[in-house]
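Sequential numbering from 1162 applies to the sequence shown in this note's numbering.
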Amino acid sequence: MRRSLLLAIATLTLSAQTVGPPGPPGPTGPRGFHGLVGARGYRGLPGQITVIMGGNAPVTLGPATSLTITAGAGIILTGTTMADGSINLSVAVDTAVIQSAAVAQSGASNIAVSKSGSPTTYTAALVPTLTAYTPWMSLIWIPDVACIPPATLNVDLLGPIPLVERGSALLAPIDCMAGVPARVIFDGMNFQVF
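What follows is the structure, given as structure tokens:
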């Protein structure tokens, strides 16, 4: 299953093009000259392409002259021509786009530590930088000072979002104490603090 998914989101074009036989002789030239050389023939009939995925049995596709594998975001393709004329395609995950298990387990990518010094207008930066607020995204927020309602959180300068609890209730100072982590979820309008 994983192999077929990777092939569905990766890009490589292999070409199996051949040169056809020479074209017919050109017309006879003027007396004393040789005839013109015939035009070169067109490409021959398409060949077969054999695809081998991992240790699986080879799959022959065709007749075709090319095989296109299209890459999506987060996929790195590396193609190598081997000594026997075959092409070795390696597919890997780009961890600059797709989170690795180690980063997910560390929680580092979703920890927002406030450093504004303000009890009402918090700012925080994520690594990597957040490019947009997405409904139902979840962060671990660590306030640098205890809050005074109403308070907002501005992550990576995307704009201040109200911090609330239970739908739309203002936070109480006990809900955001300095240095105490809290789970926040963006509901599309507010950061809900849990």
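Cβ atoms here follow ideal geometry from the backbone N, Cα and C, with glycine treated the same way.
- Counting C-beta pairs closer than 8 Å gives fewer than three between the region 1243 to 1250 and the region 1268 to 1279, which falls short of the contact rule.
- Within the region 1276 to 1303, the complete beta strand (DSSP E) segments at least 3 residues long are 1282 to 1286 and 1299 to 1303, listed from N- to C-terminus.
- DSSP places Q1353 outside any alpha helix (DSSP H); the residue lies instead in the beta strand (DSSP E), whose first and last residues are F1352 to V1354.
- Contact between F1352 and L1291 fails: their C-beta atoms lie close to 13 Å from each other, not under 8 Å.
- Contact between A1307 and A1339 holds: their C-beta atoms lie close to 5 Å from each other, under 8 Å.
- Bridge partners of P1323 according to DSSP: T1313.
- According to the DSSP assignment, A1263 belongs to no beta strand (DSSP E) but to the alpha helix (DSSP H) extending over A1262 to S1267.
- Residue burial annotation: D1336 is buried, with at least 16 other C-beta atoms found within 10 angstroms of its C-beta.
- Secondary structure of P1219 (DSSP, three-state): coil.
- The beta-bridge partner set that DSSP reports for V1252 consists of L1238.
- The count of Cβ pairs closer than 8 Å, one atom from the region 1232 to 1247 and one from the region 1286 to 1303, stays below three, leaving the stretches out of contact.
- Residues L1300, W1302, F1352 and V1354 of the same chain have their beta carbon placed closer than 6 Å to that of V1345, with the five preceding and five following residues left out of the count.
- In the displayed model, I1213 falls within coil according to three-state DSSP, outside both helix and strand.
- Per DSSP, the continuous beta strand (DSSP E) segment holding V1345 begins and ends at A1343 to F1347.
- For I1259, the three-state secondary structure derived from DSSP is coil.
- By the C-beta criterion, the region 1315 to 1332 is judged to be in contact with the region 1275 to 1295, since at least 3 inter-stretch pairs fall below 8 Å.
- Looking only at P1323, A1285 and T1282, the smallest Cα-Cα distance to D1348 is reached by P1323.
- Counting the other Cβ atoms within 10 Å of the Cβ of A1343 gives 16 or more, which makes it buried.
- Counting only the Cα atoms, G1233 lies some 39 Å from D1305.
- A1330 is positioned such that its CB atom lies no closer than 9 Å to that of T1281.
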